[in-house]
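Working notes, structure below.
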Amino acid sequence: MSKLTIGRVAQAAGVGVETVRFYERKGLVKQPVALSSFREYPPDVIDRIKFIKRAQEFGFTLAEVGQLLHLPDNPHSSKREVKQLAGQKLVEIRQKIDDLQRLASTLETLHEKCSGRGTLSDCPIIESITSPDK
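Note that the working numbering has the sequence shown beginning at 7, numbered continuously upward.
Here it is as structure tokens:
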């Protein structure tokens with residue numbers, strides 16, 4: 007397959023051109039040398055961008071994605087490092103789930119307490135948002 011323009015790379019990877027440029031600025035995608043008036047990308051950059059997007063779907067930050075992408079460059083890297091990164095992310099995700107469940111429970115209670123009638127002056131939802139320490 008021949009070299010690709012940024013537009014074709016973006017389309018094939020399912021992202022916008024600005025996303026490709028953003029990943030270049032972050033060092034996640036190598037900026038190709040412009041041999042003509044256009045930068046030409048190798049076809050494997052599409053898989054790299056798809057990897058980045060999928061890792062983000064798993065909750066990895068771009069910094070963490072960068073770590074994952076650079077592991078194969080180090081001959082001493084191992085599955086243990088990948089497992090450790092995934093384990094840390096799993097702990098974070100579970101903590102977020104716990105936080106969201108507590109938030110949902112609180113909001114559910116406030117929702118039940120609110121009659122939906124009258125003025126805002128005695129709305130338990132607004133009161134809770136305004137004075138969270140109550």
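Backbone N, C-alpha and C define an ideal beta-carbon position, used for all residues, glycine too.
Every value quoted in this text rests on a predicted model; they were computed, and no experiment measured them.
Worksheet item: Roughly how far, in whole angstroms, is the beta-carbon of V39 from the beta-carbon of V26, given that I think they are within contact range, below 8 Å?
Response: About 16 Å separates the two Cβ atoms, so there is no contact after all.
Worksheet item: If you draw a straight line from the C-alpha of H76 to the C-alpha of T136, how long is it?
Response: Spanning the two alpha carbons is a distance of roughly 46 Å.
Worksheet item: Can you tell me the Cα-Cα spacing of V35 and G93, whole angstroms?
Response: If I take the Cα positions, the gap works out to 25 Å.
Item to complete: Compare the beta carbon distance of K89 and F64 with 8 Å and say whether it is the shorter of the two.
Response: Not a contact, by the Cβ cut-off of 8 Å.
Item to complete: For I131, count neighbouring C-beta atoms within 10 Å of its own C-beta (all shown protein chains included) and say buried if the count is 16 or more, exposed if not.
Response: I131 comes out exposed.
Practice prompt. Please state whether DSSP places L10 in a helix, a strand or coil.
Written response: Residue state, collapsed to three classes: strand.
Worksheet item: CB-CB under 6 Å to L126, same chain, minus the five flanking residues each way: which ones, in chain order?
Response: Taken in chain order, the residues that qualify are I132.
Discussion item. What residue range does the alpha helix (DSSP H) around T25 cover?
Written reply: Residues 23-31.
Fill in: Residue of Q17, E98, P81, Q37 minimising C-alpha distance to T67
Out of Q17, E98, P81, Q37, E98 has the C-alpha closest to the C-alpha of T67.
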